[in-house]
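Chains as they are written, first to last, in my numbering: chain A, 59 to 477; chain B, 115 to 294. Don't be surprised by glycine CBs; every beta carbon is placed ideally from N, CA and C. Small disclaimer: the values here were computed from a predicted structure and weren't measured.
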């Protein structure tokens with residue numbers, strides 16, 4: 059929102075600061091007065107939840123790094139040392155480990171909300187692209203973090219995922235050695251992953267800064283998808299949304315606390331309590347649940363496509379599943395933002411969500427089972443069809459419902475008819 | 115456009131010289147940044163201690179017929195399998211047209227030492243270690259993504275694109291092999 063600043067320095071000191079570094083003015087404009095559509099629902103609180111989770115992960119991560127040892131002989135024991143010996147380490151480690159799951163849960167909801175309400179459409183394309191970039195950074199950070207406890211799953215996840223790069227023709231093998239610092243995943247790999255796992259969250263924080271900047275230029279989208287027309291459509295961010303977001307964060311912390319205190323390992327794998335062994339692969343390698351949809355896509359391509367072999371094909375689809383998200387603002391041709399006014403889109407969208415959940419489930423199933431194998435292929439196909447066929451065509455053929463003239467109008471009207 | 119640029123810049127010999135200086139300074143800058151960046155990237159490559167272990171000698175005399183062991187070479191697991199006559203014949207009986215990555219059994223062993231199959235143990239799909247003496251073809255089965263290898267370590271079924279990779283190796287005597 060471009061708007062005049064209403065800030066007036068309250069005293070001589072504030073005036074002195076304002077002339078040199080207008081940080082109080084900036085805070086008032088962006089953290090307090092920022093005009094926010096008044097019809098935002100609870101799906102809009104996940105941005106704040108994500109910011110909260112990033113803070114939790116950074117704080118617990120810095121603390122854990124004070125007790126962790128990134129060496130192949132000591133890493134596994136040092137994590138156990140944190141859980142058994144370090145004061146409060148059991149809880150801090152559990153917050154960090156289950157926090158990753160909660161973080162991904164929140165980001166998937168946040169992305170699903172954008173896909174339904176068309177929040178990626180003009181003028182919010184860069185906001186969306188930064189968001190997808192944040193997701194990719196999160197995936198990278200979480201993957202490297204998962205390697206650090208140096209259990210069997212850690213080791214084999216590192217082996218399998220770095221091997222993905224080896225599928226690239228010609229340069230794949232040298233890049234693979236460069237990434238691992240050896241011919242196999244070993245101490246050099248563990249050390250660099252620890253270094254990068256520490257670095258990336260701060261890069262994420264910086265991109266979050268850009269993400270919020272890109273949000274504050276056009277302002278929030280809203281459930282109706284009609285742009286803000288006047289200040290009758292908005293309320294100040296504080297206290298209206300600070301309080302709503304705070305409430306949502308507290309509710310979000312209830313399941314989070316359940317996992318931390320009562321089931322810190324329920325989302326993990328027993329095999330990761332066996333120290334990494336480069337000579338034995340666990341019978342079933344399954345990534346963390348939040349990577350399963352993409353893992354299912356990777357596995358679904360078990361056939362050669364023309365001159366592309368199945369391995370490279372799987373990698374192309376895996377990368378494509380992430381890359382296609384960057385182009386969604388241009389793939390969706392509908393002028394109407396909100397899915398609430400798109401009668402046909404709703405059904406395809408619902409199917410997309412079911413399909414995504416199904417992919418998550420399939421990612422954990424036996425790869426050799428022909429039924430699951432066929433299902434994974436169908437679900438992979440729909441994932442891409444949704445973005446590459448449904449979104450471009452639907453905008454041309456669908457007749458959307460009539461949009462209300464402004465955000466306030468339907469609210470005020472129904473308010474009037476209630477009396 | 116043309117009128118704008120001609121008013122913005124003074125045409126003449128000065129312009130050409132200045133442009134050259136810009137390009138030259140820029141080029142030197144790029145080379146400088148590259149020269150600084152390369153060591154910072156190259157430090158990621160395998161270091162001297164990793165490269166030092168690049169070759170090993172292994173004694174085969176303790177492996178009975180039908181037995182298979184896994185040893186470590188350059189940090190990678192390596193299968194050494196003492197094949198039975200039946201396994202060798204099963205591998206030889208397969209027509210090349212049935213293979214995804216056609217190689218004869220002879221190409222995968224050393225002459226005079228056909229009973230020894232020495233291969234890097236990582237599945238050529240994404241690097242898991244297949245389980246020996248299992249799967250449809252009596253060779254190896256990878257539990258991760260379901261790739262099936264036969265008794266010559268050739269890919270028969272599943273997502274892996276290639277046969278199990280053969281490391282460079284030579285027989286120093288009938289019972290001593292040098293890998294790497």
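Expected contact under 8 Å - CB spacing of residue i and residue j to nearest Å
{"i": "residue 254 of chain B", "j": "residue 174 of chain B", "result": "Actually they are not in contact, since the Cβ atoms of residue 254 of chain B and residue 174 of chain B sit about 19 Å apart, beyond 8 Å."}
{"i": "residue 233 of chain B", "j": "residue 280 of chain B", "result": "6 Å"}
{"i": "residue 392 of chain A", "j": "residue 456 of chain A", "result": "7 Å"}
{"i": "residue 371 of chain A", "j": "residue 363 of chain A", "result": "5 Å"}
{"i": "residue 265 of chain A", "j": "residue 195 of chain A", "result": "7 Å"}
{"i": "residue 355 of chain A", "j": "residue 440 of chain A", "result": "About 11 Å separates the two Cβ atoms, so there is no contact after all."}
{"i": "residue 329 of chain A", "j": "residue 433 of chain A", "result": "Not confirmed; about 25 Å, so no contact."}
{"i": "residue 63 of chain A", "j": "residue 78 of chain A", "result": "With 8 Å as the limit, residue 63 of chain A and residue 78 of chain A do not qualify as a contact, their Cβ atoms being about 16 Å apart."}
{"i": "residue 332 of chain A", "j": "residue 242 of chain B", "result": "Not confirmed; about 15 Å, so no contact."}
{"i": "residue 399 of chain A", "j": "residue 461 of chain A", "result": "6 Å"}
{"i": "residue 295 of chain A", "j": "residue 90 of chain A", "result": "6 Å"}
{"i": "residue 254 of chain A", "j": "residue 202 of chain A", "result": "6 Å"}
{"i": "residue 324 of chain A", "j": "residue 317 of chain A", "result": "7 Å"}
{"i": "residue 157 of chain A", "j": "residue 269 of chain A", "result": "The Cβ separation is near 20 Å, so there is no contact."}
{"i": "residue 196 of chain B", "j": "residue 177 of chain B", "result": "5 Å"}
{"i": "residue 168 of chain B", "j": "residue 294 of chain B", "result": "5 Å"}
{"i": "residue 394 of chain A", "j": "residue 458 of chain A", "result": "4 Å"}
heavy atom of the ligand SAM below 7 Å from residue i C-beta
{"i": "residue 161 of chain B", "result": "This structure lacks the ligand SAM; in fact it carries no ligand of any kind."}
When the options are compared against residue i, the one with the closest alpha-carbon
{"i": "residue 205 of chain A", "options": "A/236, A/193, A/246", "result": "A/246"}
{"i": "residue 340 of chain A", "options": "B/259, B/292, B/170", "result": "B/259"}
{"i": "residue 425 of chain A", "options": "B/257, B/293, B/268", "result": "B/257"}
{"i": "residue 267 of chain A", "options": "A/342, A/106, A/164, A/65", "result": "A/106"}
{"i": "residue 443 of chain A", "options": "A/383, A/127, A/242", "result": "A/383"}
{"i": "residue 108 of chain A", "options": "A/310, A/342, A/423, A/337", "result": "A/310"}
{"i": "residue 162 of chain B", "options": "A/220, A/240, A/79, A/261", "result": "A/240"}
{"i": "residue 368 of chain A", "options": "A/222, A/401, A/320, A/325", "result": "A/222"}
{"i": "residue 276 of chain B", "options": "B/131, B/166, B/222, B/286", "result": "B/222"}
{"i": "residue 154 of chain B", "options": "A/250, A/275, A/192", "result": "A/250"}
{"i": "residue 186 of chain B", "options": "A/243, A/188, A/375", "result": "A/243"}
{"i": "residue 375 of chain A", "options": "A/129, A/361, A/388", "result": "A/361"}
{"i": "residue 200 of chain A", "options": "A/259, A/390, A/357, A/148", "result": "A/259"}
{"i": "residue 276 of chain A", "options": "A/288, A/181, A/409, A/359", "result": "A/181"}
{"i": "residue 86 of chain A", "options": "A/147, A/66, A/71, A/416", "result": "A/66"}
{"i": "residue 380 of chain A", "options": "A/322, A/286, A/192", "result": "A/192"}
{"i": "residue 228 of chain B", "options": "B/152, B/158, B/284", "result": "B/284"}
Opening and closing residue of the beta strand (DSSP E) in which residue i lies
{"i": "residue 285 of chain B", "result": "283 to 285"}
{"i": "residue 291 of chain B", "result": "290 to 293"}
{"i": "residue 270 of chain B", "result": "269 to 271"}
{"i": "residue 94 of chain A", "result": "93 to 95"}
{"i": "residue 258 of chain A", "result": "Residue 258 of chain A -> not in any beta strand (DSSP E); alpha helix (DSSP H) instead, spanning 245 to 274."}
{"i": "residue 231 of chain B", "result": "230 to 234"}
{"i": "residue 172 of chain B", "result": "170 to 173"}
DSSP beta-bridge partners of residue i
{"i": "residue 186 of chain B", "result": "B/191"}
{"i": "residue 129 of chain A", "result": "Residue 129 of chain A is not bridged to any residue."}
{"i": "residue 263 of chain B", "result": "B/254, B/269"}
{"i": "residue 196 of chain B", "result": "B/230"}
{"i": "residue 292 of chain A", "result": "A/95"}
{"i": "residue 246 of chain B", "result": "B/254"}
{"i": "residue 363 of chain A", "result": "A/366"}
{"i": "residue 196 of chain A", "result": "The partner list for residue 196 of chain A (beta bridge, DSSP) is empty, contrary to what the question assumes."}
{"i": "residue 333 of chain A", "result": "A/209"}
Range of the contiguous alpha helix (DSSP H) that encloses residue i
{"i": "residue 305 of chain A", "result": "295 to 320"}
{"i": "residue 436 of chain A", "result": "428 to 443"}
{"i": "residue 201 of chain B", "result": "199 to 206"}
{"i": "residue 107 of chain A", "result": "104 to 123"}
{"i": "residue 369 of chain A", "result": "368 to 384"}
{"i": "residue 221 of chain A", "result": "210 to 224"}
{"i": "residue 230 of chain A", "result": "230 to 238"}
{"i": "residue 413 of chain A", "result": "403 to 420"}
{"i": "residue 168 of chain A", "result": "147 to 175"}
{"i": "residue 358 of chain A", "result": "350 to 358"}
{"i": "residue 164 of chain B", "result": "162 to 165"}
{"i": "residue 90 of chain A", "result": "Here residue 90 of chain A belongs to no alpha helix (DSSP H), and DSSP marks it neither H nor E."}
{"i": "residue 453 of chain A", "result": "449 to 455"}
* Counting pairs of beta carbons, one from the stretch 213 to 220 of chain A and one from the stretch 342 to 362 of chain A, are three or more of them closer than 8 Å? -> Enough Cβ pairs lie closer than 8 Å, so yes.
* To do: Report yes or no: do three or more beta-carbon pairs, one from the stretch 202 to 218 of chain B and one from the stretch 181 to 191 of chain B, lie closer than 8 Å?
  => No: fewer than three Cβ pairs fall under 8 Å.
* Touch check for the stretch 235 to 247 of chain B and the stretch 226 to 234 of chain A: three-plus C-beta pairs under 8 Å? -> The stretch 235 to 247 of chain B vs the stretch 226 to 234 of chain A: no contact.
* Asked: With contact counted as at least three CB pairs below 8 Å, one residue from each stretch, are the stretch 148 to 162 of chain A and the stretch 108 to 119 of chain A in contact?
  -> Yes: at least three Cβ pairs fall under 8 Å.
* Asked: Does the pairing of the stretch 263 to 270 of chain B with the stretch 209 to 224 of chain B give three or more beta-carbon distances under 8 Å?
  -> Touching, yes.
* Taking three-plus beta-carbon pairs below 8 Å as touching, is the stretch 115 to 129 of chain A in contact with the stretch 164 to 175 of chain A? -> Taking a cut-off of 8 Å on C-beta distances, the stretch 115 to 129 of chain A does not touch the stretch 164 to 175 of chain A, as fewer than three cross pairs fall below it.
* Inter-stretch contact at 8 Å, needing at least 3 Cβ pairs: the stretch 87 to 103 of chain A / the stretch 274 to 288 of chain A -> Taking one beta carbon from each stretch, the stretch 87 to 103 of chain A and the stretch 274 to 288 of chain A have 3 or more pairs nearer than 8 Å; the two touch.
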